[in-house]
Amino acid sequence: MALSRANICGMNFHYFRHSLDTFLDDAEALELPLVEIWGAAPHFYLGDRTLEDARALGADVRTRGMQIASFTPEQCVYPINLGSPQAALRDRSIRYFLESLEMSVEMGSPAVLVTPGSGFADEPSQDAVARCTEALSLIADRAERLGQKLYLEALPPAWSNIAATAGELRSLLDAVNSPVLFGMLDTAGALGTGETVRDYIEALGDRLAHVHMIDSEPSGSHLAWGDGVLSAEECVAALNAAGYTGALSIEITNSRYYLEPKAAMAQSVAALREVLS
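Convert by adding 17 to the 1-based position in the sequence shown; the result is the number in our numbering.
Shown next, in the form of C-alpha cells:
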C-alpha cells in the first residue's frame, strides 16, 4: 500500500511559543489525521503532568478526529542521556523514559521516541554503546509489557558517539534485540551526516517504523518543506519502494518559524499533499 495523505502527521515542536491548544486547533483546521506530541514545557513536560492529564490529552486529540502517532518526550535539551558515564544521570534518564511509556499508554499513543544519548567525546565510544544498550534493554522490556513500541532516532555526531548514522543505528538495534525497538529516519538528520533515505532503508529494512519528514539544508536544520534542498518527491518514492506505511511527521525546529508556526505547518502539509495526491 502506497503512502497517502492519511500518513501526514503534525508536530508541536515549533509551537512552543504558543499553547498546545493552538497547535491542536491548527492541526484540526488543516485536517491532519495524525499528530506527534513533543513532550516539553510549556506543552506536556512530564514533571508537571499526571496520567490523568495524558488521558485528557488523548481524548482531546481523538475528539478532534486525529490520532497520536508517537509521544516524543524532550531529551536533547533536558539532562537526559542513556549513554552517560554518570550513574545518577543515566538512572534518571531511564526513569524518565519509563514514565514516558506510562504517559504514552494513557494518551493512546502506540510508541515513545527515544534517542541514544552519548558518552564523553574523550572516552572510548564502545563504553557508551554498552551503557546505552543496557539502558535501552531495560526500557524495551517495560515497553513490551505495556504493549508499546520504541522508535530509536540517531543523533548528529556532535551530540552522540553512540548512534549518529544509519549503520550505527542498526547496530544498536541489533545489540538490544528487542521486538518492540524500531529504528526511525529523520530526513534532516540524514542530510546532516551525508546520508539519504535509501541509506536508512538499506540499513534498517523492516525495522524502519517512523519518519520525521522535513526539508533541510546541509547543516541539518529542520525546515518547512520548500525552504531547504531536499526533494519530497524523492523521499516519498524511496519510502514507497521500501513498503513503508508509517507516519510522515513534520518536525519543524528552526526558530524562524516560532512566531508564525501555522504558516510553516500549512506550507509543509500542502507540499506533502501535492506529492501524495
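Where a beta carbon is used, it is the ideal one built from N, C-alpha and C, also for glycine.
Per-residue DSSP class, three states only, for G164: coil
CB-CB length for I179 against A207, believed under 8 Å: I179 to A207, Cβ: 17 Å. No contact.
Cβ-based neighbour list, H239, same chain, cut-off 7 Å, excluding 5 preceding and 5 following: A205, I231, S233, E268, I269, T270 and N271
Cβ separation of I54 and N24, assumed to be a contact under 8 Å, to the nearest whole Å: That belief does not hold up - the Cβ atoms of I54 and N24 are roughly 17 Å apart, past 8 Å.
Contacts around V228, its chain only, beta-carbon distance under 6 Å, and the 5 residues preceding and following it disregarded: L202 and L265
Cβ neighbour criterion (16 or more within 10 Å) applied to P59: exposed
C-alpha gap between L172 and A73, whole angstroms: 31 Å
Exposed unless 16 or more other CB atoms sit within 10 angstroms - verdict on M83: buried
C-alpha gap between R224 and Y274, whole angstroms: 32 Å
DSSP three-state assignment for L265, whether helix, strand or coil: strand
Close-in-space but distant-in-sequence residues of the same chain around G184 (CB under 7 Å, 5 per side omitted): A220
Bridge-paired residues (DSSP) for A128: K166
Close beta carbons around A44, own chain, < 8 Å, minus the five adjacent residues each side: G27, V52, R81, M83 and M282
Cβ neighbours of G279 in the same chain (closer than 7 Å, five flanking residues each side left out): It is worth fixing the name first, because residue 279 is Lys in this sequence and not Gly. Here the set comprises D43.
Reduced DSSP category for D203 - H, G, I as helix; E, B as strand; rest coil: strand
The region 104–112 touching the region 161–171, judged by at least three CB pairs closer than 8 Å: no
Reduced DSSP secondary structure (H/G/I, E/B, other) of G229: In the sequence as displayed, the identity of residue 229 is His instead of Gly. Here H229 sits in strand by DSSP.
Delimiting residues of the alpha helix (DSSP H) encompassing T80: L68 to T80
Span of the beta strand (DSSP E) around C26: I25 to M28
Cβ-based burial, E170 [other Cβ within 10 Å; buried from 16]: buried
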